[in-house]
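Going by our numbering, the sequence shown opens with residue 1276, and the numbers climb by one from there. C-beta: ideal position from N, C-alpha, C; glycine also. Beneath this line is the structure, given in structure tokens, with notes to follow.
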Amino acid sequence: MTAPLAWILSTGARSPLGLSTLQVAMCARARKMEPLDSRFIDKSGKNMGTCRMLALPETVWGYDRLLRIASPALCEAWSSTIEEPVPLVLALPEAGRADDDPRYDTRFVRDLAERSRRAIDVTRSGVIRAGHAGGAMAVEAAVGLLSRVEGPAAVMVGGVDSYFHPGVLAALDEGFRLHGPGTEDGFIPSEGAAFALLVRRRPARGGREPLATLRRVVTGREATVGTDTPCTAAAMTALFHALRGDEPIPWVLSDLNGESHRLREWRQVSTRVLVRDEPVHDELVGELGDLGAATGPMLLAIACAYLEAGCAPARDAAIALSSDGPERGALRIGGAP
């Protein structure tokens, strides 16, 4: 087994299911999701159903809502052993959505540092705006920072997103992407944030024990997206071949959200790469709602929580992430030895 790319020291999470990683993980495991009617009306005249945090008013959305969601999750993931400012690589909603805001690229990390009162190294931080796969891309960028000769000893990686926005929900409704009585081939919009602290070296004996190891992270692009060519899942198939290597994958956490095109793509990957492994396949987005850019970090945090709690189906897990666009990503973690 090759040396890990990084050690996962701590995590933090917040979603409609819970106010901490453990709460979110165990409520997802217990299938406690409860979509609620929102104030927004769909094209058939009915209230749109969403998963949302009841502690946040329905009159707050967009930039301010994401700040309020992200701050407590970041604070949970922050370790008391951190002695110097830490870079943050953050997955945010993709550009071009109805809730787009120029401050996501220029101000969000700085505003999050101020709101959370945590010592984020803003100058070495960055944001990635690529939907679901943004989580894997953020982890890849964090590993790049850690691997530099003069790189930091720790990097925080995370994601935050919310579909609770009138324009975003209206666009999804118009595109028949919201799950409901008339649209079974759709997803349940949700919101949330999750973070993980990656460190370059395992803490010294007597220090805080890591939750898991980051073994591999790979990203790519599916060339058929946006074309008339049928998707053959070439990109994700290649990523999982690289992720698997000669070691079977016993546990997969995917971002399948109820949309049939995602399922068709995943079935091709599973048939080509994983058919002999017969892994346990957790489709937790069905219990969380779709978390957009927060999906990857949330699945990472939940996998770490299951490993720590002793309820993980295996000590080795792969996370699969596919964006609406061509971006694809996957990562593999293992229990800390």
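The shortest C-alpha to C-alpha distance from E1359 to any of E1351, A1429, H1407, D1386 is the one to A1429.
Below 8 Å, too few C-beta pairs join the segment 1311-1328 and the segment 1347-1357 to call them touching: fewer than three. DSSP, read as helix, strand or coil, puts L1531 in coil.
Selection G1609, D1317, G1604, A1509 evaluated against M1412 yields G1604 as nearest (Cα-Cα). The C-beta of T1512 has 16 or more other C-beta atoms within 10 Å across all chains shown, which makes the residue buried.
Our two residues, V1443 and A1278, have alpha carbons roughly 42 Å apart in a direct line.
DSSP places S1285 inside the beta strand (DSSP E), whose first and last residues are 1281-1289. DSSP, read as helix, strand or coil, puts G1409 in helix.
Per the coordinates, the alpha-carbon of L1566 lies some 11 Å from the alpha-carbon of L1531.
In the three-state scheme derived from DSSP, where H, G and I count as helix and E and B as strand, V1544 is classed as helix. When DSSP reads this structure, W1526 sits in a beta bridge with V1555.
Taking a cut-off of 8 Å on C-beta distances, the segment 1375-1395 does not touch the segment 1578-1589, as fewer than three cross pairs fall below it.
Comparing alpha carbon positions, the residue from P1523, F1470, E1558, A1508 closest to L1367 is F1470.
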